[in-house]
Amino acid sequence: MKVIIVGAGTGGMCLAHGLRHAGIDVEVHERDRTRTGGLHGYRVGISPNGARALKACLSPELFDTFVATTAKPYDNYTMYTERFRVLMSIAADQMTGVGTAPEDRDHNVSRMTLRQVLFTGMEDVIRFDRRCTGWTRHDDGRVTAHFDDGEDATGDLLVGADGANSAVRRRYLPHARHTETGLLAIGGKLALTDANRHLLPDTAMRGMSMLFDRRGQFGIAHAMYMPWSADGAPGSTDRALVEQWPGICYDNTTDHLSWGLSTSRTLAPPDALDRRGADLNALALELTRDWDPRWRELVATSDPSASIALSVRTSDPLEPWEPTPVTLIGDAAHTMTPGRGAGANTALRDARELRDRLVRVRDGELSLVAAVGEYEELMRRYSSLAVRESLEMMNDDGTARRPIVGPLSVFAQRTGMRVVDHLPPVKRRIARNMQKVRDSELV
369 MKVIIVGAGT
379 GGMCLAHGLR
389 HAGIDVEVHE
399 RDRTRTGGLH
409 GYRVGISPNG
419 ARALKACLSP
429 ELFDTFVATT
439 AKPYDNYTMY
449 TERFRVLMSI
459 AADQMTGVGT
469 APEDRDHNVS
479 RMTLRQVLFT
489 GMEDVIRFDR
499 RCTGWTRHDD
509 GRVTAHFDDG
519 EDATGDLLVG
529 ADGANSAVRR
539 RYLPHARHTE
549 TGLLAIGGKL
559 ALTDANRHLL
569 PDTAMRGMSM
579 LFDRRGQFGI
589 AHAMYMPWSA
599 DGAPGSTDRA
609 LVEQWPGICY
619 DNTTDHLSWG
629 LSTSRTLAPP
639 DALDRRGADL
649 NALALELTRD
659 WDPRWRELVA
669 TSDPSASIAL
679 SVRTSDPLEP
689 WEPTPVTLIG
699 DAAHTMTPGR
709 GAGANTALRD
719 ARELRDRLVR
729 VRDGELSLVA
739 AVGEYEELMR
749 RYSSLAVRES
759 LEMMNDDGTA
769 RRPIVGPLSV
779 FAQRTGMRVV
789 DHLPPVKRRI
799 ARNMQKVRDS
809 ELV
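Just so we're aligned: the sequence shown equals residues 369 to 811 in the numbering used here.
Here it is, written out as structure tokens:
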């Protein structure tokens with residue numbers, strides 16, 4: 369059996385590792401020109417279920433490398449007003465509540481560093497600078513993927529892991545659509561130094577902070593404390609990977625503060641997505657002109673070269689389809705907003721679920737199409753819930769900006785959070801539900 373994977377993102381590479389370690393022939397075709405191309409250096413939160421998927425698919429040595437490259441864990445998740453007044457705070461152990469083993473904990477890691485870890489040891493499997501232009505199914509059941517350089521790749525199964533704009537999905541499920549949420553997201557970074565390590569409130573510097581303003585805008589800030597900033601070399605089993613990583617766009621091996629702002633497209637100028645660098649930071653400052661001065665200093669002093677903007681989209685619901693020797697994982701199957709932090713973890717669950725079923729094909733327990741069908745039926749169930757929950761958290765319905773209704777909704781939101789903050793059983797239940805969404809464990 370041979371599997372062709374289009375896309376070398378988190379889900380695609382996790383699957384590739386899992387298949388290779390199971391003795392299943394696999395090729396990965398990636399559109400970026402090199403292993404350091406197309407990197408985006410923002411944090412990705414790996415939940416316990418995501419960590420277990422990585423442990424199941426990676427070699428023990430490479431899983432240890434992943435753990436070594438992660439930031440020190442948060443100790444709280446706190447919701448604030450835009451003036452850093454506490455609305456509700458949840459201790460990190462209430463969010464995870466699992467165990468102490470690396471695969472049973474939350475992990476915070478730079479997305480670009482995680483990608484480099486996943487490329488390690490797979491140099492002979494990945495073909496870079498390959499953009500998929502289509503694919504063909506043959507009478508014998510095999511599938512050939514076509515690429516823009518005129519080359520082809522043929523296998524028993526084609527997996528589209530090529531993101532929200534998936535070329536594989538466009539051909540496979542041409543009726544699949546995305547909906548714009550009406551939101552614009554801006555993100556930036558600030559390297560932590562002795563001069564700014566106490567820029568935000570102490571609770572914020574030790575955890576994940578979420579800020580809500582009166583116009584429906586949502587801010588997020590989190591400090592990434594890298595173990596080797598204070599302790600020297602990371603002591604990983606692939607130390608050269610960490611020490612030689614080229615640091616494209618931003619140095620992610622030192623402590624830094626990341627921030628993000630989600631705002632309505634109606635509040636931003638029409639050219640917001642075209643802005644870069646200092647212009648983006650200036651826009652974020654204008655949008656948060658009434659926020660706490662400490663937030664504004666964070667934005668104003670951030671590295672302009674690390675700032676990005678994107679439009680927030682989500683997948684529309686799809687009716688089930690008949691399984692074939694073509695399937696999808698990750699954003700190619702279920703694009704979701706970052707509102708619940710579930711995207712990467714759902715992709716990792718996809719990789720593990722599909723890997724497990726392909727192992728059964730290898731062992732003669734399932735036919736290939738039956739394995740794909742079993743995977744897709746389960747994937748649709750858990751991913752649709754994750755998409756829905758993520759959309760509920762991050763969607764612009766304009767309520768906060770409506771006369772009368774807006775102020776009332778903001779008052780109700782803030783009052784509700786403050787009440788819950790004094791009801792530990794309710795807070796624990798909310799924390800557990802948030803963790804289940806991130807873990808894709810509602811199904």
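Even glycine gets a Cβ: it sits at the ideal position worked out from N, Cα and C.
Check	Outcome
CA-to-CA distance, V727 to P691, given in whole angstroms	18 angstroms
Residue-chain proximity (I588, chain B), Cβ-Cβ < 7 angstroms	Any reference to chain B falls outside this structure, which holds one protein chain only.
CA nearest to the CA of A529, picked from P428, D765, C382, P706	C382
A532 beta carbon less than 7 angstroms from that of A521	no
Cβ neighbour criterion (16 or more within 10 Å) applied to D606	Note that D606 has pLDDT 38, beneath the 50 cutoff, so the model's placement of it is unreliable and no number is given.
Per DSSP, the bridge partner or partners of F515	C500
V454 to A390 span [Cα, whole Å]	49 angstroms
For H397, the three-state DSSP class (helix, strand or coil)	strand
Of the listed residues E665, G502, A535, nearest to P569 (C-alpha basis)	E665
Between the CA atoms of T682 and A460 - distance to the nearest angstrom	28 angstroms
Three CB pairs or more closer than 8 angstroms across the region 384–403 and the region 494–506	yes
Segment limits, beta strand (DSSP E) that includes V787	Unbroken run through V787 is the alpha helix (DSSP H), 773–788; no beta strand (DSSP E).
Reduced DSSP secondary structure (H/G/I, E/B, other) of R473	coil
Given 8 angstroms, three or more beta-carbon pairs between the region 753–773 and the region 719–733	no
Cβ neighbours of L426 in the same chain (closer than 6 angstroms, five flanking residues each side left out)	H385
Exposure label - N801; buried when at least 16 CB within 10 Å	exposed
As assigned by DSSP and simplified to three states, the class of R388	helix
Rounded straight-line distance, which links the Cα of P595 to that of A601	Reliability of the predicted coordinates at A601 is poor, the pLDDT of 46 falling under 50, and no value is obtained from them.
K795 beta carbon less than 7 angstroms from that of V788	yes
C-alpha gap between A701 and S577, whole angstroms	30 angstroms
V493, DSSP secondary structure in three states	coil
6 angstroms CB neighbourhood of V737 in its chain, flanking five on each side removed	P691
Span separating the alpha-carbon of T378 from that of G413	12 angstroms
Length-filtered (3 minimum) beta strand (DSSP E) runs lying within the region 707–777	none
Which residues DSSP lists as bridging I697, in chain order	Per DSSP, none; premise fails for I697.
Cβ-Cβ distance between A677 and L648 below 7 angstroms	yes
Close Cβ partners of P706 (< 6 angstroms) along its chain, the five nearest in sequence each way excluded	none
Length of the line joining the Cα atoms of L716 and M747	11 angstroms
Assigned secondary structure, T631 (DSSP; H/G/I helix, E/B strand, else coil)	strand
Host alpha helix (DSSP H) of K423 (start-end)	416–425
Cβ contact check for the region 639–655 and the region 435–442: 3 or more pairs under 8 angstroms	no
Close beta carbons around L734, own chain, < 6 angstroms, minus the five adjacent residues each side	R728
When C500, R473, R565 are compared against V536, the one with the closest alpha-carbon	C500
Straight-line gap, S478 to I458 (C-alpha atoms, nearest Å)	23 angstroms
Secondary structure of D606, DSSP reduced to three states	Residue placement at D606 is poorly supported in this model, since its pLDDT is 38, which falls under 50; the coordinates are not used for a value here.
Whether Y743 touches R720 by CB criterion (7 angstroms)	no
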